[in-house]
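What follows is a short report on a single structure.
2 protein chains.
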Amino acid sequence: MQNIYKTIRSKSYSVSCELCRIGPSICIPKLLNNALDTVVNCKHAVSKDEIIVNEGTALDRFYIINAGALKTYITVEGKEQINGFYLPGDIIGLDSIHSLKYNCSVKALTNSLICELKYEELMTLVSQNTHVRDTLFKLMSEDIHDFKKLILCFSQKNAEERVGMFIYSLYSKYARRGHVSLNIKLSMSRNDIANYLGLTIETISRILTRMQDLNILTARGKYITIKNLPALIKFAEYHK
Amino acid sequence: MQNIYKTIRSKSYSVSCELCRIGPSICIPKLLNNALDTVVNCKHAVSKDEIIVNEGTALDRFYIINAGALKTYITVEGKEQINGFYLPGDIIGLDSIHSLKYNCSVKALTNSLICELKYEELMTLVSQNTHVRDTLFKLMSEDIHDFKKLILCFSQKNAEERVGMFIYSLYSKYARRGHVSLNIKLSMSRNDIANYLGLTIETISRILTRMQDLNILTARGKYITIKNLPALIKFAEYHK
DNA sequence: CGTTACATTGAACATATTCAAAACGAGTGG
DNA sequence: CCACTCGTTTTGAATATGTTCAATGTAACG
Chain A
18 MQNIYKTIRS
28 KSYSVSCELC
38 RIGPSICIPK
48 LLNNALDTVV
58 NCKHAVSKDE
68 IIVNEGTALD
78 RFYIINAGAL
88 KTYITVEGKE
98 QINGFYLPGD
108 IIGLDSIHSL
118 KYNCSVKALT
128 NSLICELKYE
138 ELMTLVSQNT
148 HVRDTLFKLM
158 SEDIHDFKKL
168 ILCFSQKNAE
178 ERVGMFIYSL
188 YSKYARRGHV
198 SLNIKLSMSR
208 NDIANYLGLT
218 IETISRILTR
228 MQDLNILTAR
238 GKYITIKNLP
248 ALIKFAEYHK
Chain B
18 MQNIYKTIRS
28 KSYSVSCELC
38 RIGPSICIPK
48 LLNNALDTVV
58 NCKHAVSKDE
68 IIVNEGTALD
78 RFYIINAGAL
88 KTYITVEGKE
98 QINGFYLPGD
108 IIGLDSIHSL
118 KYNCSVKALT
128 NSLICELKYE
138 ELMTLVSQNT
148 HVRDTLFKLM
158 SEDIHDFKKL
168 ILCFSQKNAE
178 ERVGMFIYSL
188 YSKYARRGHV
198 SLNIKLSMSR
208 NDIANYLGLT
218 IETISRILTR
228 MQDLNILTAR
238 GKYITIKNLP
248 ALIKFAEYHK
């Protein structure tokens with residue numbers, strides 16, 4: 018077992034609490050900084066391929082990614098079906114409140130740091146603090162909105178547009194969290210991307226080479242460099 | 018202008034307040050039955066093709082469908098892109114809380130009855146009533162969960178599976194709201210279905226005839242009769 | 001009836017998958 | 001430092017799936 022912290026520091030990007038999607042005003046460590054045990058699980062390290070949650074587990078806490086990358090998936094006929102990638106600042110679990118059971122499994126794609134947000138504590142805060150309540154409604158509403166947009170993407174877009182959108186969405190998610198860079202390191206394999214996008218790895222590969230031929234980006238294994246951002250956006254949006 | 022109420026009664030299905038997705042315990046008319054003006058807009062009639070909300074309008078109320086059918090859509094390069102159909106018991110607007118602006122337009126597919134749930138009043142109730150608060154969280158969480166499932170459908174399913182799933186989801190939505198019937202009247206055109214599913218009307222048509230050949234259902238214009246429900250489910254799920 | 005809008009069918013074409021083979025790259029041992 | 005291996009990625013050719021365009025059918029409504 019290697020030194021997890023070192024690996025994370027050297028290779029991964031972490032989000033500051035100010036740019037976290039949760040925001041510092043709802044962050045458990047900041048709000049409950051007198052209750053030591055809740056702070057303990059902040060920036061908790063998990064290693065690559067570690068399963069953090071198994072589908073069906075009781076939901077007693079949400080997870081917020083501080084550094085690294087996670088994926089969520091359900092298991093269909095023995096095969097894992099990825100339904101989301103989560104990057105620094107993202108929160109996992111909001112879709113499971115209604116059943117109080119995690120409806121998908123969560124696995125670390127790379128060594129990562131995650132914060133935990135206890136469900137009961139959050140609900141107590143929601144009752145006490147209007148701002149926390151509104152923030153949570155806003156977070157959930159944003160999620161619904163984002164997922165509806167994603168439905169549109171998947172229902173309407175062809176393979177090229179899906180791959181283009183995927184790369185661009187990674188870029189913009191990092192950018193929104195304060196990490197503006199045209200160099201992206203994919204934390205997931207081509208297989209994971211294909212699985213998530215509903216395409217084959219061969220198609221992903223072919224489209225990436227096509228994008229290189231068009232001078233939109235360069236793809237060298239897991240390292241992607243965007244050469245022409247407007248062209249990437251057009252590639253992802255235009256077409257039909 | 019025809020008699021709207023008559024048309025609705027004769028052709029459409031309405032949901033009782035008990036089976037509404039909102040539930041009677043959070044229903045504005047029931048909770049605020051002393052404030053007359055909030056009750057006024059309950060079961061308000063809208064006629065076919067009427068635009069109830071324009072994209073970008075301030076969100077001051079949610080809409081709950083009591084009878085009929087509505088669609089939501091965004092406008093992309095002048096063309097309407099449908100992103101949801103709403104049936105009795107459904108609620109519209111939860112994805113717009115974060116911006117307090119409706120992020121899509123809402124139009125009636127048929128003459129319909131809709132209830133209105135005022136945003137401010139709901140938020141006041143949320144502060145006063147834990148049950149209302151939890152119901153709202155649950156509703157939103159369910160929405161996120163359902164949309165995530167829909168993303169999986171669209172990202173993974175081919176044309177046959179999409180159409181199968183579409184028919185089946187109509188059946189089960191009606192069934193969950195207490196209207197169990199193998200006869201479904203589509204309130205939307207083939208064009209709307211195609212637009213929503215990201216397919217062409219020709220493909221929809223071909224798949225419907227294929228399903229008839231397989232004795233899964235009969236499709237006579239807008240009237241669909243499911244002949245073999247397990248086969249329909251298999252048609253929508255199996256394949257890949 | 002005849003018009004109009006909507007739905008179905010057919011044939012040619014485009015897009016993505018499948019299967020097979022080759023190339024690459026990180027890690028291991030000589 | 002080079003050769004070897006395993007797993008991943010890329011490339012190629014054949015096939016399947018869905019679209020496009022054009023023609024035909026059908027149902028609702030004046």
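Respectively, the protein sequence lines represent chains A and B.
The opening residue of the first sequence carries number 18 in this note's numbering; numbering runs sequentially from there.
The opening residue of the second sequence carries number 18 in this note's numbering; numbering runs sequentially from there.
Note that beta-carbon positions come from the ideal geometry of N, C-alpha and C, so glycine has one too.
- Contact of A/Ser113 with chain B by beta-carbon distance below 8 Å involves Ser158, His162.
- Under DSSP, the beta-bridge partners assigned to A/Phe102 are A/Lys88.
- Taking the beta carbon of A/Ile168 as reference, the chain B residues within 7 Å of it are Asn100, Phe164, Leu167, Ile168, Phe171, listed in sequence order.
- DSSP places A/Thr235 in the uninterrupted beta strand (DSSP E) bounded by 234–237.
- Per DSSP, reduced to three states, the secondary structure at A/Arg38 is coil, with no helix or strand assignment.
- It is roughly 37 Å from the alpha-carbon of B/Lys251 to the alpha-carbon of A/Ile81.
- Beta-bridge partners assigned by DSSP to A/Tyr240: A/Lys202, A/Arg237.
- Inclusion of B/Ile161 and A/Asp160 in the CB contact set at 7 Å is warranted, their separation being smaller than that value.
- Not one beta carbon of chain B lies nearer than 7 Å to the beta carbon of A/Phe79.
- For the set B/Glu133, B/Leu156, B/Tyr185, B/Leu234, the Cα lying nearest the Cα of B/Val70 is the one of B/Glu133.
- The alpha-carbon of A/Arg194 is positioned some 22 Å away from that of A/Val123.
- Taken through DSSP and simplified to helix, strand or coil, B/Ile114 comes out as coil.
- Under DSSP, B/Val63 forms a beta bridge with B/Ser129.
- Comparing alpha carbon positions, the residue from A/Asp230, A/Tyr119, A/Asn232 closest to A/Ile91 is A/Tyr119.
- Against B/Phe154, the close residues of chain A are Ile114, in the order they occur along the chain (beta-carbon pairs closer than 7 Å).
- Taking 7 Å as the cut-off, the Cβ atoms of B/Leu234 and B/Ile241 count as close.
- By DSSP's assignment, A/Val123 forms a beta bridge with A/Val70, A/Thr89.
- Take the alpha-carbon of A/Tyr136 and the one of B/Ile224: they are about 45 Å apart.
- Shown here, A/Lys166 sits in a helix according to DSSP, grouped into three states.
- Per DSSP, reduced to three states, the secondary structure at A/Leu231 is coil, with no helix or strand assignment.
- Membership of B/Leu214 in the alpha helix (DSSP H) is indicated by the continuous run 207–214.
- Within its own chain, the residues whose Cβ lies closer than 7 Å to the Cβ of A/Leu187, once the five positions on either side in sequence are excluded, are Ile201, listed in chain order.
- Taken atom to atom, the span from the alpha-carbon of A/Ala84 to that of A/Gln229 is near 29 Å.
- Ranking B/Tyr103, B/Arg227, B/Thr217, B/Gly95 by CA distance to the CA of B/Phe79 puts B/Tyr103 first.
- Counting the other Cβ atoms within 10 Å of the Cβ of A/Gly73 gives fewer than 16, which makes it exposed.
- For A/Gly215, the chain B residues whose C-beta falls within less than 9 Å of its own C-beta are Leu169, Phe171, Ser172, Gln173, Lys174, listed in chain order.
- Exclusion of the five residues before and after B/Thr141 leaves no residue of its chain whose Cβ lies closer than 8 Å to its Cβ.
- With a cutoff of 7 Å on beta-carbon distance, A/Ser204 and A/Leu126 are scored as near each other.
- The beta carbons of B/Lys165 and A/Asn212 sit about 15 Å from each other, so the pair does not count as a contact at 8 Å.
- Residue pairing for B/Phe79: DSSP places it in a beta bridge opposite B/Leu134.
- Distances from the CA of A/Leu156 to each of B/Gly238, B/Leu117, B/Leu130 were compared; the closest alpha carbon is that of B/Leu117.
- DSSP, reduced to helix, strand and coil, places B/Lys174 outside both helices and strands of the structure shown, so it counts as coil.
- When secondary structure is reduced to three states using DSSP, B/Glu97 falls in the strand class.
- Shown here for B/Ala86: same chain residues with a beta carbon closer than 6 Å to its own, the five before and five after excluded, namely Leu104, Leu126, Thr127, Ser204 in chain order.
- Between A/Ile114 and B/Ser158, the C-beta gap is smaller than 7 Å, which places the two residues in contact.
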